[in-house]
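In the UniProt record's numbering, the protein residues as written are 1 to 210.
Okay, here's the thing in structure tokens:
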């Protein structure tokens with residue numbers, strides 16, 4: 001069979017699947033834009049804050065591929081994992097075969113429901129600061145207290161790196177949450193407060209008084 005004869009436009013079923021995928025992707029983006037507009041016109045949430053949700057993975061792949069898989073649609077079975085990537089503010093690997101998803105508290109319940117719907121286990125007992133996460137052999141003979149401190153330092157380093165990639169519109173709120181947890185330093189937090197923020201000096205003064 002020639003390449004021309006095997007092209008997808010000679011197979012109506014393939015063409016329809018391509019059309020269905022394009023339509024589903026456009027519809028998903030439209031719904032996300034509508035949700036974002038609706039959130040803007042709502043009062044501030046009483047459930048302020050963020051949280052990481054941890055799930056197992058079989059392999060370590062690039063974060064871009066992870067995001068692609070989170071939103072992947074299965075048209076043939078009329079099923080969609082359909083996790084809104086705009087709501088996943090940070091994705092990283094805190095340990096081997098563990099994936100961390102940072103979301104606002106308002107979205108956490110919906111994300112958990114989506115994961116459970118597809119029988120994806122949630123690692124509710126995972127502690128990113130546990131010394132068990134230290135995989136370097138050089139730490140094996142360190143005292144428990146030292147390994148615990150090292151694990152916490154590695155976690156704090158991950159939080160600082162995460163802030164570099166979080167969208168500007170939510171970066172300050174996330175940084176404030178991280179700072180309240182003791183995951184970033186005061187200097188790191190001060191550096192993130194936008195200089196153009198109308199309450200910049202007030203926020204800095206309040207922070208320095210704490």
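Glycine included, each C-beta is placed from N, C-alpha and C at the ideal position. As the structure is a computational prediction, the values presented were derived from the model and not from experiment.
**Message:** Looking at residue 54: is its Cβ nearer than 9 Å to the Cβ of residue 131?
**Reply:** Annotated as distal: residue 54 and residue 131, with beta-carbon spacing of 9 Å or more.
**Request:** Out of 92, 118, 110, 63, state which residue places its alpha-carbon closest to the alpha-carbon of residue 84.
**Result:** 110
**Message:** Are the CB atoms of residue 174 and residue 102 within a distance shorter than 9 Å?
**Reply:** yes
**Asked** Between the C-alpha atoms of residue 114 and residue 57, what's the straight-line distance to the nearest angstrom?
**Response** Distance between the alpha carbons of residue 114 and residue 57: 16 Å.
**Request:** Pick helix, strand or coil for residue 40, following the three-state DSSP scheme.
**Result:** Note on residue 40: pLDDT 49, under 50, position unreliable in the model; the coordinate value appears next. In this structure, residue 40 counts as helix in the three-state DSSP scheme.
**Asked** Do you know whose CA, among 120, 186, 121, 135, lies nearest residue 160's CA?
**Response** 186
**Item:** Proximity below 9 Å, CB of residue 134 to CB of residue 151
**Value:** yes
**Item:** C-alpha distance - residue 147 paired with residue 92, whole-angstrom precision
**Value:** The straight-line gap separating the alpha-carbon atoms of residue 147 and residue 92 is approximately 21 Å.
**Nearest-angstrom Cβ-Cβ length linking residue 51 and residue 105, presumed shorter than 8 Å** = Here residue 51 really is in contact with residue 105; their C-beta atoms are around 6 Å apart, less than 8 Å.
**Request:** Could you pull the start and end residues of the beta strand (DSSP E) that residue 103 belongs to?
**Result:** 98–104
**Request:** Between the Cα of residue 126 and those of 143, 136, 155, spot the shortest distance and give me the residue it belongs to.
**Result:** 155
**Message:** What does the alpha-carbon distance come out to for the pair residue 63 and residue 16?
**Reply:** 30 Å
**Asked** Using CA coordinates, which residue listed in 95, 149, 183, 142 is at the minimum distance from residue 163?
**Response** 183
**Asked** Between residue 192 and residue 89, which are expected to be in contact by the criterion C-beta below 8 Å, what is the C-beta distance as a whole number of angstroms?
**Response** Between residue 89 and residue 192 the Cβ distance is about 14 Å, and since that is not below 8 Å, they are no contact.
**Item:** Sequence-distant residues of its chain with Cβ nearer than 7 Å to residue 177 (five each side left out)
**Value:** 49, 50
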